[in-house]
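In this note's numbering, the protein residues as written are 1276 to 1611.
Cβ coordinates follow ideal geometry from the N, Cα and C atoms, glycine included.
All of these numbers come straight from a predicted model, not from anything done at the bench.
Let me begin by presenting the structure, written as structure tokens, before commenting on it.
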Ligand SMILES: NC(=O)c1ccc[n+]([C@@H]2O[C@H](COP(=O)([O-])OP(=O)(O)OC[C@H]3O[C@@H](n4cnc5c(N)ncnc54)[C@H](OP(=O)(O)O)[C@@H]3O)[C@@H](O)[C@H]2O)c1
């Protein structure tokens, strides 16, 4: 019998790659989407679609009960749906935390026999590491998120651990890049135009993970014997913030004007824009003070040793290889 997996947020960047990786493993894949979701990256004929509305636990329960009657339980649920941008801080808690609670309650009430519930959290749920020692963020460190996004992910993690409804895994990926990602594309586009902007001139260290390495790890961990633990996911390399730009420049064969915007100036500008947005539009701007604090933090290094050790493998892509594939995809698909 094939493993049956429900992958939520399947229409998104990470979700669409999770679907592909699960299909490659020979699993029966149910792509959790919304009515409004774009299925552009979900074209494989073997994908089953499952329209879900996480705002109502009752409706979800009815859907899962009906599904179980006809098809049986899911073996795995990978809850990847989430938001990294929001109009209001409360939205982070509604979507990333309350909807996770609704999903778990509904699966339980429908008496689904789930072997593992995998929650895609974020390194943001830990908060940045020490800015003086540059020691990496590690499992077991106190989780001190600095943004509403990070706090909402931590709240969901705490709920999953506390209720202990199903065997679970919590995945904390660092910044993910790869084809189909529109956020990273913005930086690549600027470099392509000859600009290389950085926030602040302070030392900043980051970790990265290529989307295909992340999804291989997630599906591998779902199928492994690991339960009721967290995993930090990165490619294991420490990068200076400038080295991402350096690699992109080399691949694009571009020379750029490197601009370091003073952090204080950015903080004033963003705080001012945020006030205006909230007053006139009643929503947060794309770059909020919260987001700025997060992206300008000095230390986003992390320790993913446990992940690769438990998977008995290593990441398949170096930063250069991952960026090459990503940029090639952007060009082929006319995104660049
Ligand atoms: N990208 C990163 O660097 C990164 C790093 C760490 C963790 N993560 C986590 O990875 C997950 C996927 O992120 P991503 O980068 O792939 O984001 P994405 O491309 O924006 O995809 C988000 C997915 O979640 C779905 N979703 C959003 N709000 C929803 C709602 N209210 N109800 C149902 N579905 C909803 C979206 O559906 P629609 O298509 O219908 O909008 C989409 O399928 C998120 O949980 C994120 O926190 C991402």
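Less than 7 Å separating the Cβ of residue i from some heavy atom of ligand 1?
i            : result
residue 1358 : yes
residue 1613 : Only positions 1276 to 1611 of the chain appear in this structure, which leaves residue 1613 out of reach.
residue 1469 : no
residue 1608 : no
residue 1404 : no
residue 1280 : no
residue 1492 : no
residue 1519 : no
residue 1573 : no
residue 1222 : For residue 1222 there is no data in the structure shown, the boundaries of the chain being 1276 and 1611.
residue 1288 : yes
residue 1355 : yes
residue 1294 : no
residue 1395 : yes
residue 1435 : no
residue 1312 : yes
residue 1306 : no
residue 1284 : yes
residue 1392 : no
residue 1324 : no
residue 1367 : no
residue 1443 : no
residue 1220 : The structure shown has nothing for residue 1220, since the chain only spans 1276 to 1611.
residue 1370 : yes
Going straight from the alpha carbon of residue i to that of residue j, what length do you get?
i            : j            : result
residue 1597 : residue 1334 : 40 Å
residue 1491 : residue 1514 : 22 Å
residue 1495 : residue 1566 : 31 Å
residue 1584 : residue 1287 : 28 Å
residue 1352 : residue 1528 : 42 Å
residue 1412 : residue 1444 : 18 Å
residue 1451 : residue 1339 : 31 Å
residue 1531 : residue 1604 : 22 Å
residue 1561 : residue 1360 : 7 Å
residue 1526 : residue 1599 : 7 Å
residue 1586 : residue 1563 : 37 Å
residue 1439 : residue 1383 : 11 Å
residue 1311 : residue 1284 : 12 Å
residue 1398 : residue 1294 : 22 Å
residue 1362 : residue 1304 : 32 Å
residue 1349 : residue 1278 : 8 Å
residue 1558 : residue 1550 : 9 Å
residue 1591 : residue 1552 : 42 Å
residue 1435 : residue 1327 : 20 Å
residue 1276 : residue 1575 : 42 Å
residue 1324 : residue 1602 : 30 Å
Measuring CB atoms only, is the region 1391-1402 touching the region 1545-1554, in the sense that at least three cross pairs come out at less than 8 Å?
no
Evaluate contact between the region 1563-1574 and the region 1488-1503, counting only Cβ atoms and requiring at least three cross-stretch pairs below 8 Å.
no
Between the region 1389-1398 and the region 1338-1347, can you find at least three pairs of beta-carbon atoms closer than 8 Å?
no
At 4 residues or longer, and completely inside the region 1496-1564: list those alpha helix (DSSP H) runs for me, N to C.
Complete alpha helix (DSSP H) runs here, min 4: 1516-1527, 1538-1551.
Can you find at least 3 beta carbon pairs, one from the region 1534-1541 and one from the region 1312-1328, that sit closer than 8 Å?
no
Length at least 3, wholly inside the region 1299-1379: the beta strand (DSSP E) runs in chain order
DSSP runs (the beta strand (DSSP E)) wholly in the region 1299-1379: 1303-1308, 1323-1326, 1351-1354.
Could you check whether the region 1418-1435 touches the region 1369-1377, counting it as contact only if at least three pairs of C-beta atoms, one from each stretch, sit closer than 8 Å?
yes
Does the contact criterion of 3 or more C-beta pairs under 8 Å hold for the region 1447-1467 versus the region 1518-1535?
yes
Which runs of the alpha helix (DSSP H) spanning at least 4 residues fall entirely within the region 1373-1429, listed in chain order?
1374-1384
Along the chain, which unbroken stretches of the alpha helix (DSSP H) at least 4 residues long are found entirely within the region 1447-1494?
Counting whole runs of 4 or more residues, the region 1447-1494 contains the alpha helix (DSSP H) stretches 1457-1467.
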